[in-house]
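Right, one structure below, let's go through it.
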Amino acid sequence: MATKHRNLSTFESPIPSAAGMKFGIVVAEWNPQVTGALLEGAVRTLRNNGCEEQDIIIKQVPGTFELTLGAQFLAQYTDVDAVIVLGCVIQGETRHFDFVCQGVTQGVTQLMITWNMPISFGVLTTENLQQALDRAGGRYGNKGDEAAVAAIQMVAMQIDMSKEEETDDRKEIN
């Protein structure tokens, strides 16, 4: 569903508690007016859902293309449960937009599979700055909120699945 038909900061299903969860956030410095707002939304959402401030690690990278490696560094060198990537790519006059968007999307997907870790995708890909601002705390809500909620939900799912696996293992022993 297109963003213009839904608010990125409104959620229909209940959000699990983020208490006891640790999150890494990697945010692109490029388009700081937008990425700063995405970061504010993500942190606010994590905190409002029970995540302690000390359980949020924030790192910056130069641009959206570098988000994948930044996320890998957080996965590899910290003990976070999930990573949230935040960036913004605005269509320009060249095909650079296409290459950056495709690269970061494929990179983050591969990273999730390789590290078996939730990595939430909070990257805006818009035609102009106004569309980005509309989705970074503007009239369509904040993609940072949505990315944080997705990360919380995926960590909760992973915790639930690991509990089910432990229960199944105990049944096999008996």
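Mapping the sequence shown onto my numbering, position 131 (from 1) lands on 132, and the numbers just tick up by one.
Here a beta-carbon is modelled for each residue, glycine too, at the ideal position from N, C-alpha and C.
- Query: How is Ala76 classed by DSSP in three states: helix, strand or coil?
  - Reply: helix
Quiz item: Out of curiosity, what's the CA-to-CA distance linking Gly51 and Arg45?
Solution: 10 Å
| message | So for Cys102, helix, strand or coil by DSSP? | response | helix
Output needed for Thr11: all residues of its chain with C-beta closer than 7 Å, excluding positions within five of it in sequence on either side, in chain order.
Gly142
Check your understanding: On the three-state DSSP scale, how would you describe Met2?
Key -> Its pLDDT being 47, under 50, Met2 is placed unreliably in this model, and the coordinates cannot settle the point.
* **For Val62 and Leu134, believed in contact at Cβ under 8 Å, the rounded distance** => With a Cβ gap of about 21 Å, Leu134 and Val62 do not count as contacting.
| Among Asp146, Thr126, Asn129 and Trp116, the one whose alpha carbon lies nearest that of Asp80 | Trp116
ask   = Given Ala38, which residues of its chain have a CB within under 6 Å of its CB, disregarding the five upstream and five downstream residues?
value = Ala137 and Gly138
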